[in-house]
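Residue numbers (our numbering): 1067 to 1208. Everything below concerns the one structure shown next.
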Amino acid sequence: MKLTPYLTAYIALTLLGLWAAADRFAPYHGAPAACRIGYVIDGDTVALRCGAEKRVGRLVGFDAPEVRSPKCKSEAAWGARATERLRGLLSGPDVVIYPKGTEKYGRDLVLITVAGRDVAAVMIGEGLGVDYHGEARRNWCG
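What follows is the structure, encoded as structure tokens:
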């Protein structure tokens, strides 16, 4: 079989797709970050302490209602609930932070687990967030 440019592109795109799917669905998250939670900013954002450096981490996989610039009273109330729940989840001893890159605003993207459970899945399961992967944000006021 001759390796044509089309076949090379097909193989590369197939491998890239498989890698992206494995990164999204595999239970292995890579090496944990050498960071710890400083404090919870809102329902999907945390302040991180990575040695002497302070950073902001945006949790991947879900979106929570806003608390700093809500569009309505309902969103503000849900945002406060989500923030308090995230504080409760991250107050335990089994918190592990996995780096997942950075986003367009310069925040670190992080996947956080507590006792092996993905925090995003917990927040979504409790109705305090919605599945989110970069698409248009949910209207919490509708």
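The beta-carbon is built from N, C-alpha and C at its ideal position, and this holds for glycine as well. It should be emphasised that the depicted structure is a prediction, and the values quoted were computed from it without experimental measurement.
- In this structure the segment 1132–1151 does not lie against the segment 1159–1170, because fewer than three pairs of beta carbons, one per stretch, are closer than 8 Å.
- Taken through DSSP and simplified to helix, strand or coil, P1165 comes out as strand.
- Between G1193 and D1129, the CB-CB gap reaches or exceeds 8 Å.
- Inter-residue distance for T1080 and R1173 is about 30 Å (C-alpha atoms, whole angstroms).
- When DSSP reads this structure, E1192 sits in no beta bridge, so it has no partner.
- Taking every protein chain shown into account, the CB of W1206 has 16 or more other CB atoms within 10 angstroms, so this residue is buried.
- For the pair of segments examined, the segment 1173–1185 was found not to touch the segment 1130–1137: the number of CB pairs separated by less than 8 Å stays below three.
- In the three-state scheme derived from DSSP, where H, G and I count as helix and E and B as strand, Y1105 is classed as strand.
- By the C-beta criterion, the segment 1096–1110 is judged to be in contact with the segment 1152–1159, since at least 3 inter-stretch pairs fall below 8 Å.
- Judged by their CB atoms, L1156 and I1077 are not nearer to each other than the 8 Å cut-off.
- The Cβ atoms of C1101 and C1116 lie closer than 8 Å to each other.
- In the DSSP assignment, L1125 falls within the beta strand (DSSP E) that extends over E1119 to L1125.
- Contact between V1180 and V1161 holds, since their C-beta atoms are separated by about 5 Å, short of 8 Å.
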